[in-house]
Amino acid sequence: MPDIRISDAAPSAKVAPAEAPDIRSLTTLAGAVVVVAGLYLGRDVLIPVTLAILLSLVLSPLVRLLRRARLGRVGSVILAVLVAIGVLVAAGIVIGAQLAELAQSLPLYQHSLQQKIDTLRQMTVGRLGEVLERIGGEATRTAPSVVPPVTPQGGTEPPPVRVEVLEPALTPGQMATNLLSPLAGPLAQTGIVLVVTVFILVQREDLRDRLIRLFGSTDLHRTTVAMDDAAYRLSRFFLAQLSINLGFGAVIAAGLLLIGVPSPLLWGLLAALLRFVPYVGAVLGAVLPIGVAAAVDPGWSMALWTAVLFLAIEPLIAHVVEPLAYGHSTGMSPVSVVVAAIFWSWIWGPIGLIIATPLTLCLVVLGRHVDRLEFLDVLLGDRPALTPVENFYQRALAGDPDEVQEQAELLLRERSLCSYYDEVALKGLALAASDVRRGLVTPGQLARIREAVQDLAEGLGELPDVDPPAVPPSGNGGRILRLSSAEQRLPAPVPMKLPDARDIPPPWRAEGAVLCVAGRGPLDEISALLLAQILGKHGLGARVVPHAAVSRRDIARLDTRGALMVCVCVVQMPGAPSHLRYLLRRLRQVLPQTPIVAGIWTGQEAGLDERLQDNLEARHIVRTLRDAVLACARAAVEEADQDARRPASP
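Residues in the sequence shown are numbered consecutively from 507, following the working numbering.
Shown next as structure tokens:
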């Protein structure tokens, strides 16, 4: 018998001690602190540069369109920036005119607004206000009166003389200075943003090459494709977001104009701008128009119609228009969007709050394309951080079969049930078996794992084991099938070319035709249950046999009626196969003419299968449920062919 190099002793169970913080962890923490401090201290420089980068991404499609019209690179950039300046100036003029008109009209609405405030106060806290006023009146009546000071001569001091200082009238130059000084800072920032935007658009390729040299010089092709793809996707996203928000503002302005709210263009622009703030921006944009509507109308109808306008348009934009424009999602988790809004508003103030979502999206895209920054995608992205195998084991360990089934149904859109069991379920069981062997899993947790996997198998029991049709890129109804990078790295499903179930002889369809015998591992019986389910879906009758039924004491009482094949199921075999060899020997004693297949799903290298097969004296060594089903089906078809060729008895 050829020598097989497998250790006779299983590896000792050792639990690694808790790791103390090392120099690398401390250096990473110090680097993060330095980065945050640099963002805060350098905000006067970084804010214009960041705004320029975002503006360049928004203007890139327009620049490409102008370059196709053969205007040249510099001419296209200058024209695109002039268009942006024109839009900003026009928006500023509209906002200024609307503010001036609103300021002139506000005194006319003061009386109506005061009446509504009084009415609301009486309806809500009127009684409390009366009590407080009564208490205040009592305190006023009981307060001691103020006695005027008395002079030494016995008389009272005369009242103080009122002195009024009159300042000279301002000259036109001083008035211009007072008017323009508050605008000097924003105008200077705007000028810096526009200048930096011009240089970024003109030297786009040069900047790209420099970034490639810094981050990806060892893999130029991959880095170039990743950066071009990231810039293109970010540009499309920002342009789509800007267009959607401007459209939202236009619809709000038109609706407010029909309702009769003063200065509708101002509120439309304000709503479009505040909508860049995630989640609460639309609410903030609706507060002021509703307040103005309540001040203008003596009744409440105008305010109610304004609130209905925002309540109708915002869900339509958020749940219909944006998914169609962006796809299934922006790629960011909701928690990361909220945390990013808090972080950037703390670092950069109101500007940081407005650009928090674009900045976070930039970081997520960098994390997906740059290996060193992958932690950004894990922290901020909406894709699963764990691999499907790890997620399967973690959810089974937590006793949550519903979430395991949800992940399974997502993966089953592009692979068969047998492929899912092979690539995810069995490997997840192998992780669990490894932790059991090391003593990390308690008996209660092991019972939860078994119950969760059994519930999963029952939940998927009605699904056929067939290869699904190819999933189109946009799925049903525009819904994109989003898988994590780990899920996308799963092996491509291999089509199962099985014989037709009608070709399976009747004896092989009876229950117990294939005995799925569990090894002695804690999760081997669960793997035998999965194999029996797959065999049943292909017309092969199977029955699960627990390990206790094939022990030395009880194997003589094993029910072998109708057994035509035996498949021993072992989730993991890290050490010597002696226990498996003795199990196969006992099975051959009670079923000497029955072929035996050893299914060792994980634990040994595939290159050792031939020597392991000789050592175990098994007919086949299979590594997947698919191969086990194929072996059983072929054996059934071969037996049917032999019976057909066998001459009939006289």
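For each residue, glycine too, the CB sits at the ideal point set by N, CA and C.
Item                                                                                                                          : Value
CB contact flag (Ile-823, Ile-750, <8 Å)                                                                                      : yes
Residues near Arg-549 in its chain [Cβ-Cβ closer than 6 Å; skip 5 each side]                                                  : Trp-854
Expected contact under 8 Å - CB spacing of Leu-794 and Gly-787 to nearest Å                                                   : Between Gly-787 and Leu-794 the Cβ distance is about 13 Å, and since that is not below 8 Å, they are no contact.
Beta-carbon spacing of Leu-886, Leu-869 below 8 Å                                                                             : yes
Contacting residues, own chain, Cβ-Cβ under 8 Å from Ile-765 (five flanking each side not counted)                            : Ala-799, Met-808, Trp-811, Thr-812, Leu-815
Environment of Tyr-926 [buried if 16+ CB atoms lie within 10 Å]                                                               : buried
Reduced DSSP category for Met-1079 - H, G, I as helix; E, B as strand; rest coil                                              : coil
Pick from Val-593, Leu-935, Gln-1148 that is closest to Gln-900, judged by C-alpha positions                                  : Leu-935
6 Å Cβ shell around Val-1077 - same chain, five flanking residues per side excluded                                           : Leu-935, Ala-936, Ala-939, Gly-1027, Leu-1029, Asp-1030, Ser-1033, Trp-1107
Chain-order list of residues whose beta-carbon lies under 8 Å from that of Ala-953 (same chain, five-residue window excluded) : none
Buried versus exposed, by CB contacts within 10 Å (16 or more), Gln-913                                                       : buried
Length of the line joining the Cα atoms of Gly-905 and Arg-956                                                                : 9 Å
Gln-1148, buried or exposed, once every other Cβ within 10 Å from all chains shown has been counted against 16                : exposed
Residue burial classification, Gln-1095 (beta-carbon count within 10 angstroms, cutoff 16)                                    : exposed
CA-to-CA distance, Val-895 to Ser-991, given in whole angstroms                                                               : The pLDDT assigned to Ser-991 is 47, lower than 50, so where the model puts this residue is not dependable; a value taken from the coordinates is nonetheless given after this. Answer to the nearest angstrom: the Cα atoms are 13 Å apart.
Any 3 or more C-beta pairs closer than 8 Å across the region 1126-1137 and the region 1033-1043                               : yes
Neighbourhood of Arg-1140 by C-beta distance below 7 Å, restricted to the same chain and skipping five residues each side     : none
In DSSP terms, what Met-1071 is bridged to                                                                                    : Val-1020
Neighbourhood of Ala-818 by C-beta, 8 Å cutoff - its chain only, sequence neighbours within 5 removed                         : none
Boundaries of the alpha helix (DSSP H) in which Arg-956 is found, first to last residue                                       : 949-965
Residue(s) in a DSSP beta bridge with Thr-1108                                                                                : Gln-1078
Nearest candidate by alpha-carbon position, reference Leu-865, set Val-555, Ala-543, Arg-1015                                 : Val-555
Per-residue DSSP class, three states only, for Ile-1010                                                                       : coil
From Ser-839, Thr-893, Gly-774, Leu-1131, residue whose alpha carbon lies closest to that of Leu-752                          : Gly-774
Beta-carbon contacts of Gly-967 that lie in its chain and below 8 Å, excluding the five residues immediately before and after : Gln-1039
Continuous beta strand (DSSP E) stretch holding Arg-1129: start and end                                                       : Per DSSP, Arg-1129 belongs to no beta strand (DSSP E) and is neither H nor E.
Beta bridge counterpart(s) of Met-838 as assigned by DSSP                                                                     : Gly-887
Rounded distance between the beta-carbons of Gly-1047 and Cys-1075, thought under 8 Å                                         : Contact doesn't hold; Cβ gap of about 17 Å is too wide.
Where Phe-881 falls, given that 16 or more other Cβ within 10 Å makes a residue buried                                        : exposed
Backbone secondary structure at Ile-750 - three-state DSSP                                                                    : helix
For Ala-1038: DSSP bridge partner residues                                                                                    : Beta-bridge pairing links Ala-1038 to no other residue.
Ile-1102, DSSP secondary structure in three states                                                                            : strand
Nearest candidate by alpha-carbon position, reference Leu-917, set Leu-557, Pro-974, Val-942, Asp-961                         : Pro-974
Length of the line joining the Cα atoms of Arg-1058 and Val-1072                                                              : 17 Å
Length at least 4, wholly inside the region 805-869: the alpha helix (DSSP H) runs in chain order                             : 807-822, 828-832, 840-860
Cβ neighbours of Arg-874 in the same chain (closer than 6 Å, five flanking residues each side left out)                       : Asp-883
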